[in-house]
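This report refers to the structure that appears directly beneath it.
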Amino acid sequence: MRRLTRERLTGCQVTQASRFEEIVLPHLDAAYNLARWLLRDPVLGEDVVQEAIVRALGHFETYRGGDARAWVLRIVRNAAYDALATRVRQAETPIEAETTDGGLSEAPTLIDPAADPEAALARREQACLLDRALQALPIELRECLVLRELEEMSYREIGRITGVPIGTVMSRLWRARQALLRAGRDAGLSGGGK
Amino acid sequence: MSESHAETMGPLIQADLDGELDPARAAELAAHVPGCPECLLLQQRLADLSLRLRAEATYHRAPARLQAAVAAQLAASGSTAPPQAPSPTTVWHRRLRSAVPFGAGFALAAALAFLLILPRGPDMARLIVDDHLRALQPGHLTDVLSTDQHTVKPWFDGRLDFAPPVRDFARQGFPLIGGRLDYVAGRPVAVLIYGRARHVIDVFVWPGSAPERSGSRRGYNFVRWSEGGMVFWAVSDLEIAGLRDFVRLWQTPGA
C-alpha cells in the first residue's frame, strides 16, 4: 500500500489540511465505492483511494466550494483510470495473476476474488447476480450507472466527474440499463419474469 | 417491443425516472406512456431495475484499514496540531479522538461544526419531537406526497442547499409516504415520511455529523445517526426496537 511521506506536501497544504479533512473525509465511502466498482479489486481500490487523497491534497486550492463529493469522485475516477492504464501496460508481467481482469476491456463473467466473506454471506443470491452483471459492464457504462444509482448523482455531476457531455451520460446510462435488463432476462431474475 | 420506439423513448423514460426531464417533456411523456403498452412496460422495468440496484447492488464502504491509512496519511501531512495546554476544547478533542477511530481532526471538525450550527443534543431532540408532533396535525405531514423516491428526491432540488438521500423501504415494511421541508433551529431541513402499520416515522436530514444516540421524549422515540455527511433523526411513536430496525435499514448500504 502506498505510503505518503511528509516531503510530498508543501507548507501551504499543511495549513489547509484540517479544512481538507472536514471537506473530503466524509466522502471516503463514496470514494472507495467508486474505486471498487471501477477497478473490481479491493486492494487496488484502496491504493487508488489513497493515491486520490494525495492528489486531492495537492489540488485542494482548485476546490472552489460546491459539491465536495463530486470533486473527490472526479479525482478518484482519474486515479482509477491511471491505475488501470498502468496495469494494462504491465499486463505482460503476469505477477498479478490473482486479479481477475486486465483493465479496460469487458470481462464477461467476474467473481470478486476477495469479497469479504461476511458480506458475501449476507448478500443474497440475486444481489450477487446483479453485482456480477454490473461488474461485467464496460467501464464507461459501469461508472455512469454506479454514480447514478449508488451515489444518486445528477446527469450534470456525472458528466463533470467522467468528463463527458450530458448527452453522452444519458446514452451511456441507457446502454448500461439495457445491458442489465438483458442480463436480467437471460438470468431469469427480472421481477416476475417480465 | 419495436426496437426503434424503445430506442427513442427509452432515454426519455429513464431521464424522467432519474428526475432529469424538463417539465414540458415530462408532461408529454406522462400523457403518452399510460396508453402505450411498450412504454409502460419499459418504464416499469427501468424503475424496477433502479430500485433493485439501490436495494441489492453492493455499496463498498471504506474498510477500517483504509480509513486508518488515510488518517495516517493526513497526520503525516501535518494536520496534527502542535501540543498545547489542555483547554476545554482539547479535552473535547481527546474524547472525540478516543470515541471515533478515525481521523481525529476530522472528527473534531465535524463535531464542532455540528455543535456550532445546531443546539446540543437534548434541545435538538425537543425541537425534533415538537416538529414531528406539529407535522402530525391534519394537513401538515407532507408537502410532496409520493411513494416514489424518484419523485420525492427531485422535489427537494432547488428548495434546499443540499440533496438529502431518499430511499424507499417498502419491501422491508417501511413504505415511503412523502417528504416535506421544515425549519429546525433556524435552518431548512429535509423531512422524509415513512409509514409502518398505523405509525408514522419522520426522518429529518441535514448536512453534518453527529454520533449515534437514541432516546425518547413525550412518548416519542428518536434515533440519531449520521452517514455520508448527513445527520439523520428518525422520530416516531413506533416502539424503539421497530425504530432501530428502520434505522438499520438506512445504515445498510443498498438495504
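In order, the protein sequence lines correspond to chains H and X.
Read in order, the letters of the first sequence correspond to residues 10 to 203 in the working numbering.
Read in order, the letters of the second sequence correspond to residues 0 to 254 in the working numbering.
Note that CB positions come from ideal geometry on N, CA and C, so glycine has one too.
The structure presented is a predicted model; accordingly, all values stated were derived computationally and were not measured.
Next on the checklist: Could you check whether the Cβ of Glu-37/X sits closer than 8 Å to any Cβ belonging to chain H?
Outcome noted: To locate residue 37/X, count along the second sequence from 1; it is residue 38. Not one chain H Cβ lies under 8 Å of Glu-37/X.
Checklist entry - Counting only beta-carbon atoms, is Gln-72/X nearer than 8 Å to chain H? => result Within the second sequence, residue 72/X is the residue found at index 73, counting from 1. Closer than 8 Å: yes.
Next on the checklist: By the three-class DSSP mapping on this structure, what secondary structure does Ala-46/X have?
Outcome noted: Start at 1 with the first residue of the second sequence, and residue 46/X comes out as number 47. It is helical.
Item to check | First and last residue of the uninterrupted beta strand (DSSP E) at Ser-145/X | outcome: Here residue 145/X corresponds to residue number 146 of the second sequence, with the count starting at 1. Taken as a continuous stretch (DSSP letters only), Ser-145/X belongs to no beta strand (DSSP E), as it is neither H nor E.
Item to check | Contact check, Val-188/X vs Ser-235/X, beta carbons under 8 Å | outcome: Counting from 1 along the second sequence, the entry for residue 188/X is found at position 189. Counting from 1 along the second sequence, the entry for residue 235/X is found at position 236. No, these two residues do not count as a Cβ contact at 8 Å.
Item to check | Contact residues within the stretch 53-65 of chain X, judged by C-beta distance below 9 Å to chain H | outcome: Arg-53, Ala-54, Glu-55, Ala-56, Thr-57, Tyr-58, His-59, Arg-60, Ala-61, Pro-62, Arg-64 and Leu-65
Checklist entry - Which residue comes first and which comes last in the alpha helix (DSSP H) that contains Met-162/H? => result Here residue 162/H refers to the residue found at position 153 of the first sequence. No alpha helix (DSSP H) holds Met-162/H; DSSP gives it neither H nor E.
Item to check | Same chain, Cβ closer than 7 Å to Val-222/X, five either side skipped, listed in chain order | outcome: Start at 1 with the first residue of the second sequence, and residue 222/X comes out as number 223. Cβ within range, chain order: Ser-213, Ala-233, Leu-242, Arg-243 and Val-246.
Item to check | Within chain H, the residues that Gly-34/X reaches when beta carbons sit closer than 7 Å | outcome: Position 35 of the second sequence, counted from the start, is the residue given in the question as residue 34/X. Correct list: empty, because the minimum Cβ distance to chain H is about 19 Å.
Checklist entry - Would a check of beta-carbon distances place Ser-49/X closer than 8 Å to chain H? => result Numbered from its first residue, the second sequence carries residue 49/X at position 50. Output row for Ser-49/X: interface = yes.
Checklist entry - Exposed or buried, Thr-171/H, counting other C-beta atoms within 10 Å across all chains shown (16 or more means buried)? => result Counting from 1 along the first sequence, the entry for residue 171/H is found at position 162. By the neighbour-count rule (16 or more Cβ atoms within 10 Å), Thr-171/H is buried.
Item to check | For Asp-110/H, three-class secondary structure by DSSP | outcome: Taking the first sequence and counting its residues from 1, the one referred to as residue 110/H is at position 101. Bear in mind that a pLDDT of 40 at Asp-110/H, under 50, signals an unreliable position, so the model cannot answer this.
Next on the checklist: Less than 8 Å between the C-beta atoms of Pro-163/X and Val-204/X, yes or no?
Outcome noted: Within the second sequence, numbered from 1, the residue matching residue 163/X stands at position 164. Within the second sequence, numbered from 1, the residue matching residue 204/X stands at position 205. At the C-beta level, Pro-163/X and Val-204/X come within 8 Å of one another.
Checklist entry - Straight-line CA distance for Trp-80/H to Tyr-72/H? => result Within the first sequence, residue 80/H is the residue found at index 71, counting from 1. Within the first sequence, residue 72/H is the residue found at index 63, counting from 1. Whole-angstrom Cα-Cα distance: 7 Å.
Item to check | Own chain residues within Cβ distance below 7 Å of Leu-114/X, not counting five before or after | outcome: Residue 114/X sits at position 115 when you count from the first residue of the second sequence. Any reading at Leu-114/X must be qualified, since the residue scores a pLDDT of 37, below 50, and its modelled position is unreliable; the value itself is stated next. Excluding residues within five positions, none has a Cβ falling inside 7 Å.
Checklist entry - What residues in its chain sit with their C-beta under 8 Å from that of Gly-227/X, if we drop five residues either side in the sequence? => result Numbered from its first residue, the second sequence carries residue 227/X at position 228. Contacts found: Pro-164.
Checklist entry - CB-CB under 7 Å to Gly-253/X, same chain, minus the five flanking residues each way: which ones, in chain order? => result Here the question's residue 253/X lines up with position 254 in the second sequence. Only Arg-53, Ala-54, Glu-55, Ala-56, Thr-57 and Tyr-58 meet the Cβ criterion.
Item to check | Residue from Glu-60/H, Ser-163/H, Ala-65/H and Glu-55/H whose Cα sits closest to the Cα of Ala-63/X | outcome: By one-based count along the second sequence, residue 63/X stands at place 64. Checked all of Glu-60/H, Ser-163/H, Ala-65/H and Glu-55/H; the closest Cα to Ala-63/X is Glu-55/H.
Item to check | Residues of its chain near Leu-140/X, where Cβ-Cβ distance is below 8 Å and the 5 sequence neighbours each way are ignored | outcome: For the purposes of this step, residue 140/X is identified with residue 141 of the second sequence, where counting begins at 1. Result list for Leu-140/X: Ala-134, Ile-176, Gly-177, Arg-179, Ile-192 and Val-199, in chain order.
Next on the checklist: Count Cβ pairs between the stretch 141-160 of chain X and the stretch 8-20 of chain X that sit closer than 8 Å; are there 3 or more?
Outcome noted: yes
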